[in-house]
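Have a look at the structure below before the remarks.
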Amino acid sequence: MSKVALVTGITGQDGAYLAELLLSKGYIVHGIKRRASLFNTDRIDHLYQDPHEKNVKLHLHYGDLTDSTNLIRIIQETQPDEIYNLAAMSHVHVSFETPEYTANADGIGTLRILEAVRLLGLTKKTKVYQASTSELYGLVQAVPQSETTPFYPRSPYAVAKMYAYWITVNYREAYGMFAVNGILFNHESPLRGETFVTRKITRGVAKIALGMQDKIYLGNLNARRDWGHAKDYVEAMWRILQQDTPEDYVIATGVTTPVREFVRMAFAEVGIEIEFSGSEAGEVAKVVSCSNPEFQLEAGKEVVAVDPRYYRPTEVDLLIGDPTKAQTKLGWKPKYDLAGLVSEMVAADVDSFRKEKLLKESGYYVKNQYE
Ligand code: NDP
Ligand code: GDR
C-alpha cells in the first residue's frame, strides 16, 4: 500500500520539490492550493496528472489555511499518513504590511491542522511536519544556532511562526501526536520566489548581463544568511517524519555569507567582476571588468544600488545554523554548497531571460494577451 501525504503550500518552492520527492518514493500526494484569479501551479505543472486518468498519484484540492472547515474536510477525505504544513505567507518584509493575516495563516493555520487531526481521531495515524524557521532566532542570542538556542523573533512573520512552533510541541506533548518542527535555515533554488533576495539578485544579474535591466536595487547588504539548496532541505523534511520518535531538528549548512558576497558571486558567474564602494544607503557596486564576450558591459557602470525602502523595521543580522543533530540522527548531509547553488540559479535565470529576449526581438513574446 502506498503511503499518503498531504502537502499544504504545494504550489510554493518547497512544496514543488517535496511533491516531486514523495512521488519518486511511491507516495500518493494530495496538495492544497489556493484559488487565484490566474493559474498558480507553474512550479508543479510538470507533475500534474489528468484526474480522469487511472492510477493518479497527485491530487490537488482547493483550500486555505485560514479556513478550518475546508482543512477538516480535506484531511478527513484524504486520511493522510503524513502532513507537511508548508503553506505560509512566507515573506518577512511583507509580514510587516500584513501582520494580522500573517498571524492567522502562519500561526493559527498550524493550530487548525493539528486540531483537525485531533478532532478526526487521527492522532495515532497522522504525522505532522511543521515548517519552522531560523527567523525564530531573530536578534542574535548565540551562534551557531541549534535546537537549544533561545528564540527572539523580529518580525510579525517570525512571531506567528513562533506560535506555530510551540503549538506543534504542545500537541505532541498533550496528545501524544507525532508532530514535529523542522527549523530550516534559508534555502533557495531556481524555483525561489522572485522577491526573496537571492532570486532577486540572480534574476537581476541575468537581465543586466543581457542588457534587459539597468541596475538592482537592494536593502541591507550586511545581513548574513546560512543559505542551502531547497532540494536538500525537502529531503530533510521527509527524513524527520520517518523517525521512530518525534523530535525537532535544525536544518542548515553551517556556513554564513553576507548578501553583498552573494551579489559578487552571482555577477562572477556571468564573468562580470564588480567592486563595492560607499556605505549604508549610499553604497553601490560598479563593473570592474567583463570577461564574457556575450555580454557588453563597460567598466564603471553602476549595477547595484541601495534603496532604503527594502530595509526592514527590525532586521535579523546573522544566521548560522548548527546541523549536528540532523547529521547524526537523520544521517542528513547537503549535496549542494553555496557556489553550486548560485551557479544553478544564475544559469537558470540567464537561460530563461535569453529565451525571453530572443522571443521579444523576433516579435513573438506575449507576456499578457491584453498588453
Ligand atoms: P513559498 O512562499 O514559495 O510558498 C508558500 C506556499 O504557501 C505557496 O504554495 C502559497 O500559495 C501557500 N500559501 C500562502 N498562504 C496560504 C494560505 N493562507 N493558505 C494556503 N496556502 C497558502 O515558501 P517556501 O516554499 O519557500 O517555504 C515553505 C514553508 O517553509 C513556508 O511555511 C515558509 O515560511 C517556511 N520556511 C521557508 C524557508 C526558506 O528559506 N524557503 C526557511 C524556513 C521556513 P501560492 O502559491 O498561492 O502563493
Ligand atoms: P529572509 O529572506 O527574510 O531571510 O526569509 P530574504 O531573502 O527576503 O532576505 C534575506 C536578507 O536579505 C536582505 N535583503 C533583502 N531582502 C529582500 N527580500 N529584498 C531585498 O532587496 C533585500 N536586500 C537585502 C534582507 O533584509 C534579509 O536580511 C526567508 C524566507 O524564506 C522565510 O520564509 C524563511 O523563514 C527564512 O528565509 C528562513
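Every letter in the sequence shown is one number past the one before it in full-length UniProt numbering, and letter 163, counting from 1, is 163. Beta carbons: idealized from backbone N, C-alpha and C, even for Gly.
Neighbourhood of residue i by C-beta distance below 7 Å, restricted to the same chain and skipping five residues each side
i: K33; result: I10, T11, N40, T41, L60, Y62
i: K357; result: L210, M212
i: M162; result: L136, F151, P153
i: Y175; result: R118, T123
i: S2; result: G26, Y27, I28
i: A305; result: K215, Y217, V284
i: I201; result: I216, F262, V263, A266
i: V159; result: P153
i: T85; result: The sequence shown places Asn at residue 85, not Thr. Taken in chain order, the residues that qualify are T8, T110, I113, V128, Y129, Q130, A131.
Three-state secondary structure assigned by DSSP to residue i
i: T66; result: coil
i: L358; result: helix
i: L6; result: strand
i: A305; result: strand
i: Q327; result: helix
i: I272; result: strand
i: Q130; result: strand
i: L210; result: coil
i: V159; result: helix
i: V197; result: helix
i: Y137; result: coil
i: L114; result: helix
i: Y364; result: coil
i: R224; result: strand
i: N181; result: strand
i: L318; result: strand
i: H93; result: helix
i: Q79; result: coil
i: Y310; result: helix
i: N85; result: strand
i: H46; result: helix
i: residue 377; result: This structure gives no information on residue 377, because the portion of the chain shown stretches from 1 to 371.
i: E188; result: strand
i: L120; result: coil
i: L58; result: strand
Selected residue, minimal CA-CA separation from residue i, among the options
i: L218; options: F196, E135, P153, R35; result: F196
i: E294; options: K355, G254, L210; result: L210
i: R225; options: G300, R264, I320; result: I320
i: A347; options: L359, A285, G271; result: G271
i: L21; options: E53, L58, P51, D50; result: L58
i: L297; options: Q130, A105, A206, L23; result: A206
i: I183; options: A19, P323, E261; result: P323
i: G204; options: H91, A103, E269; result: E269
i: K125; options: A5, P313, G331, K360; result: A5
i: W332; options: D349, L359, S343, R239; result: R239
i: E44; options: R112, N55, G363, G31; result: Position check: residue 44 holds Ile in this sequence, whereas Glu was assumed. Nearest C-alpha to I44: G31.
i: Q79; options: V29, V143, N104, K367; result: V29
i: L330; options: Y365, L47, D244, Q13; result: D244
i: E188; options: V342, A105, K355; result: V342
i: E261; options: L86, A223, D248; result: A223
i: V94; options: T148, Y157, Y171; result: Y157
i: Y336; options: S279, V255, V169; result: V255
i: residue 373; options: T257, Q49, S68, D248; result: Absent from the model: residue 373. The displayed extent of the chain is 1 to 371, so no value can be given.
i: E97; options: Y310, A236, V143; result: Y310
i: A19; options: Q49, L38, A36; result: Q49
i: residue 375; options: Y365, A236, V316; result: Outside the displayed span of the chain (1 to 371) sits residue 375, for which this structure offers no information.
Same chain, Cβ closer than 6 Å to residue i, neighbours up to 5 away in sequence not counted
i: G109; result: L65
i: L199; result: The amino acid at residue 199 is misidentified as Leu; the sequence shows Arg. Closer than 6 Å at the Cβ level, and outside the excluded window around R199, lie R192.
i: K127; result: E82, F178, L241
i: T253; result: D226, G228, P334
i: K301; result: V287
i: E273; result: V288, S289
i: Y17; result: A230, K231, V234
i: T314; result: R154
i: R312; result: H93
i: V350; result: A206
Cutoff 8 Å; reference residue i; Cβ partners in own chain excluding five residues on either side
i: L120; result: I72, I75, Q76
i: P308; result: G219, A281
i: Q327; result: K333
i: N70; result: Y62, G63, D64
7 Å Cβ cutoff, residue i in contact with chain B
i: I167; result: Here there is only one protein chain, and chain B is not present.
Pocket of the ligand GDR defined by Cβ to heavy atom distance under 5 Å: The answer, residue by residue, is S90, V92, T133, S134, E135, N186, F196, V197, L218, G219, N220, A223, V259, Y310.
Along the chain, which unbroken stretches of the alpha helix (DSSP H) at least 4 residues long are found entirely within the region 8 to 37? Runs found: 13 to 24.
Fully enclosed by the region 226 to 291, which alpha helix (DSSP H) runs are 4 residues long or longer? Qualifying alpha helix (DSSP H) stretches, in chain order: 230 to 241, 259 to 269.
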